[in-house]
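Contents: one structure, followed by commentary.
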Amino acid sequence: MEDGNHDLLVDCDNENIHHNLKILENENVAGDVASEPNVGMMFNDEKEMLEFYKRYAYAVGFPFRKRNSKKGDDGIMRYMTFTCNREGRRNYATGGSLKPQPTSQTDCKARISVSLDNLGVWRINKVYLDHNHKTSPSKSRLYRCNRILSASVKRKLHVNDMAGIPLHKSYNFVVVEAGGYENTTFLERYYWNYVEQERRLHLEEGDAIALQAYFSKMQARCSGFFLVWI
Numbered sequence: 011m012e013d014g015n016h017d018l019l020v021d022c023d024n025e026n027i028h029h030n031l032k033i034l035e036n037e038n039v040a041g042d043v044a045s046e047p048n049v050g051m052m053f054n055d056e057k058e059m060l061e062f063y064k065r066y067a068y069a070v071g072f073p074f075r076k077r078n079s080k081k082g083d084d085g086i087m088r089y090m091t092f093t094c095n096r097e098g099r100r101n102y103a104t105g106g107s108l109k110p111q112p113t114s115q116t117d118c119k120a121r122i123s124v125s126l127d128n129l130g131v132w133r134i135n136k137v138y139l140d141h142n143h144k145t146s147p148s149k150s151r152l153y154r155c156n157r158i159l160s161a162s163v164k165r166k167l168h169v170n171d172m173a174g175i176p177l178h179k180s181y182n183f184v185v186v187e188a189g190g191y192e193n194t195t196f197l198e199r200y201y202w203n204y205v206e207q208e209r210r211l212h213l214e215e216g217d218a219i220a221l222q223a224y225f226s227k228m229q230a231r232c233s234g235f236f237l238v239w240i
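In this text, residue positions in the sequence shown follow the working numbering: the first is 11, and each later residue adds one.
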């Protein structure tokens with residue numbers, strides 16, 4: 011029974027991978043960007059290259075990070091390597107804890123290496139796509155590298171908060187508009203943190219205006235009152 015459930019989960023994730031890759035193919039402009047990284051692929055700038063690999067990693071279901079980078083003799087960044095976030099192994103000290111802390115590192119070798127040529131074009135030089143662990147496209151939105159609040163979502167959250175709409179209702183509205191929790195690119199606590207941060211900034215701005223108005227009023231009332239801004 012357990013084996014059957016495991017096979018079912020694997021099949022579901024495989025379907026998610028194929029589904030996400032299909033979405034990527036449909037989103038590609040004029041077929042210029044392939045679904046999977048290949049040696050020789052070229053990008054106009056670093057942002058375009060990074061966005062491509064980010065979308066690929068999201069579709070397959072693994073977090074990634076910049077492993078290393080190197081500048082050329084001209085001082086310009088020309089070499090970068092991006093790896094699966096589970097790359098590397100944890101080193102345990104011989105005199106450390108008897109119970110090592112859990113780690114997600116599996117020495118995964120999945121990566122791409124890119125370089126910038128003299129024409130300003132980024133090119134993929136090396137590609138290794140196989141992971142030594144199970145990927146999970148259904149969890150892609152939970153990875154730190156994918157936790158973002160788009161500008162449109164921020165505007166909606168700000169407007170709703172200014173209108174006095176309760177936080178949980180505002181969040182649910184965004185989720186429904188996205189088509190479900192699985193389609194959102196941020197966790198609920200990110201939403202709460204953003205709203206709280208905006209509120210603090212708004213209060214600080216209001217305090218500054220009120221303080222300036224108070225000082226101006228005092229200067230008008232008392233000729234001996236003066237203020238020095240530092």
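Ideal Cβ placement from N, Cα and C applies to all residues, glycine included. All values reported here derive from a predicted model rather than from experimental measurement.
Apart from the 5 residues on each side of it in sequence, N48 sits with its Cβ closer than 8 Å to the Cβ of I134 and V137 in its chain, given in chain order. If you check the CB distance, L177 and V131 do not come in under 8 Å.
Put simply, the backbone Cα of K164 is about 23 Å away from that of K149. Between the beta-carbon of T195 and that of V185 there is about 11 Å, and that puts the pair past the 8 Å contact cut. In the three-state scheme derived from DSSP, where H, G and I count as helix and E and B as strand, Y89 is classed as strand. By the Cβ neighbour-count rule, V169 is exposed, with fewer than 16 other Cβ atoms within 10 Å of its own. Contact between P73 and N54 fails: their C-beta atoms lie close to 25 Å from each other, not under 8 Å. In the three-state scheme derived from DSSP, where H, G and I count as helix and E and B as strand, L126 is classed as strand.
Cα atoms of S125 and K119: separation of roughly 19 Å, rounded to the nearest angstrom. Straight across, the Cα-Cα distance linking R77 with T93 is about 6 Å.
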